[in-house]
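> The following block contains the structure, expressed as structure tokens.
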Amino acid sequence: MHAMMPLLETTDFPSIRRGKLDTLQINLGYKCNQACFHCHVNAGPNRTEAMDADTIQLVLEYIAKNNITTLDITGGAPELNPDFRHLVTEAVRLNTKVMDRCNLTVLEEPGQEDTAAFLAEHRVEIVASLPCYLEDNVDSQRGDGVFQASLRALQKLNKLGYGTPDSDLMLNLVYNPVGPYLPPSQTQLEEDYKRELKARYDIQFNNLFTITNMPIARFGSTLVSKGQFAEYMQLLKQAYRPDNLAGVMCRSLISIDYRGYVYDCDFNQMLNMPVSGDKPVHLRELLKRNLQGAPIAIADHCYGCTAGQGSSCGGALD
């Protein structure tokens, strides 16, 4: 694995500052039942890092004190953390919208058979990875059998009401390109996904989010190995659109790693770029601190969020 920060830290990306915080994105750990090519956290079945119960309690305290409106839960496969259900239950009790970034296939793992029903009971919004509606493309990126397992999970979620017209249970899908190029039009691709998944498998969902692959971690290292890193960075920079700066997720979100340390976004977390400078900041320190107006840590990978139609955890920016 190549070290990416030395290739990214010298940057001409414009400085930006934080707005009002409304979203807390937390990484419950790097353990995952998949090991995807594009994964920017290098998650996989052999990872053991996991947020402990004390840190989860601190997250809940921070939510309550700061009136956080959205809790965005990521991993790895966050459902594999033993305290996942406690976190969801307590966050819902605090009237916080909860989002679960689910890889779908985890719903078939041993001990997860009732996870879909749990999510539905607590009205959790699901953001589910599905890089294509074609089997060969998905399996080539994520492993043999992943596509069919994903379909079974989506059909199960539809039966619970997720993604259907007469339900408020939100089911959103996520598309990442399989190579070093920008995502196509989110609007057009969503139409294609909805048409093909409905016609082929009778599957429905609410929204499709297109997310640009960041030149970091596993994907970035692969670009370096193939001699494609400089070309990909040139693509991102040539497609830079300054109007996307207003909507980048780091203005209204902070990212918390499994140990409780704070970053401006999930990508900065993987590059070990702490919020507000070089010194690591723990969530407990923010209980008495307001980040609004603080500068955001930047490097060359930030061009990934501002290229073309823009990219965030909620998909395209325009």
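If you count by the numbering used here, then the sequence shown holds residues -8 to 309, one letter each, in order.
All C-beta atoms in this analysis are idealised placements derived from N, C-alpha and C, irrespective of residue type, glycine included.
Treat the numbers as computed from the prediction; the structure is a model and nothing was measured.
Return the bridge partner residues of Arg92 from the DSSP annotation.
Taking the sequence shown and counting its residues from 1, one reaches residue 92 at position 101. Residue pairing of Arg92 in beta bridges, as defined by DSSP: Val118.
> Counting Cβ pairs closer than 8 Å, one from the segment 6 to 25 and one from the segment 198 to 215, do we hit at least three?
no
> Under 8 Å between the Cβ atoms of Ile54 and Thr87?
Locating residue 54 in the sequence shown gives position 63, where the first residue counts as 1. Locating residue 87 in the sequence shown gives position 96, where the first residue counts as 1. Against a cut-off of 8 Å, the Cβ pair of Thr87 and Ile54 comes out as a contact.
> Quick check: Ala290 and Leu262, are their CB atoms within less than 8 Å of each other?
The residue you call residue 290 lines up with position 299 of the sequence shown. The residue you call residue 262 lines up with position 271 of the sequence shown. Yes, Cβ-Cβ distance for Ala290 and Leu262 is below 8 Å.
> Going straight from the alpha carbon of Thr201 to that of Pro175, what length do you get?
Here residue 201 refers to the residue found at position 210 of the sequence shown. Here residue 175 refers to the residue found at position 184 of the sequence shown. Their Cα atoms are separated by approximately 8 Å.
> Taking the alpha helix (DSSP H) that Phe4 falls in, what are its first and last residues?
Along the sequence shown, one-based indexing puts residue 4 at 13. From DSSP, Phe4 is part of no alpha helix (DSSP H); its letter is neither H nor E.
> Report the rounded CA-to-CA distance for Lys189 versus Ala144, giving the unit in angstroms.
Position 198 of the sequence shown, counted from the start, is the residue given in the question as residue 189. Position 153 of the sequence shown, counted from the start, is the residue given in the question as residue 144. Looking at the two C-alpha atoms, the distance is approximately 15 Å.
> Is it buried or exposed, Asp63, if we count other Cβ atoms within 10 angstroms and call 16 or more buried?
Here residue 63 is taken as the residue at index 72 of the sequence shown, counted from 1. Looking at its Cβ environment, which holds 16 or more other Cβ atoms inside 10 Å, Asp63 is buried.
> So, are the CB atoms of Phe75 and Leu151 less than 8 Å apart?
On the sequence shown, residue 75 is found 84 positions in, with the first residue counted as 1. On the sequence shown, residue 151 is found 160 positions in, with the first residue counted as 1. For Phe75 and Leu151, no; Cβs fall outside 8 Å.
> Using only the alpha-carbon positions, how far apart do His77 and Asp3 sit?
Locating residue 77 in the sequence shown gives position 86, counting from the first residue. Locating residue 3 in the sequence shown gives position 12, counting from the first residue. In a straight line, the C-alpha of His77 is about 43 Å away from that of Asp3.
> Give me the Cα-Cα distance between Ile245 and Met264, rounded to the nearest whole angstrom.
Reading the sequence shown from its first residue, position 254 is the one you call residue 245. Reading the sequence shown from its first residue, position 273 is the one you call residue 264. Each residue's alpha carbon lies about 12 Å from the other.
> Could you give the residue range of the beta strand (DSSP E) that holds Asp216?
The residue labelled residue 216 in the question sits at position 225 within the sequence shown. It is worth fixing the name first, because residue 216 is Ser in this sequence and not Asp. Premise fails: Ser216 lies in the alpha helix (DSSP H), 208 to 216, not in any beta strand (DSSP E).
> Need the endpoints of the beta strand (DSSP E) that Ser246 sits in, please.
Along the sequence shown, read from residue 1 onward, the residue named residue 246 stands at position 255. That run of the beta strand (DSSP E) goes 244 to 247.
> Give the DSSP-derived three-state secondary structure of Pro286 in the structure shown.
Residue 286 sits at position 295 when you count from the first residue of the sequence shown. Three-state DSSP puts Pro286 in a strand.
> Evaluate contact between the segment 148 to 166 and the segment 193 to 200, counting only Cβ atoms and requiring at least three cross-stretch pairs below 8 Å.
yes
> Over the uninterrupted alpha helix (DSSP H) stretch that includes Thr203, give me the two end residues.
Here residue 203 corresponds to residue number 212 of the sequence shown, with the count starting at 1. First-last for Thr203: undefined, no H or E at that position.
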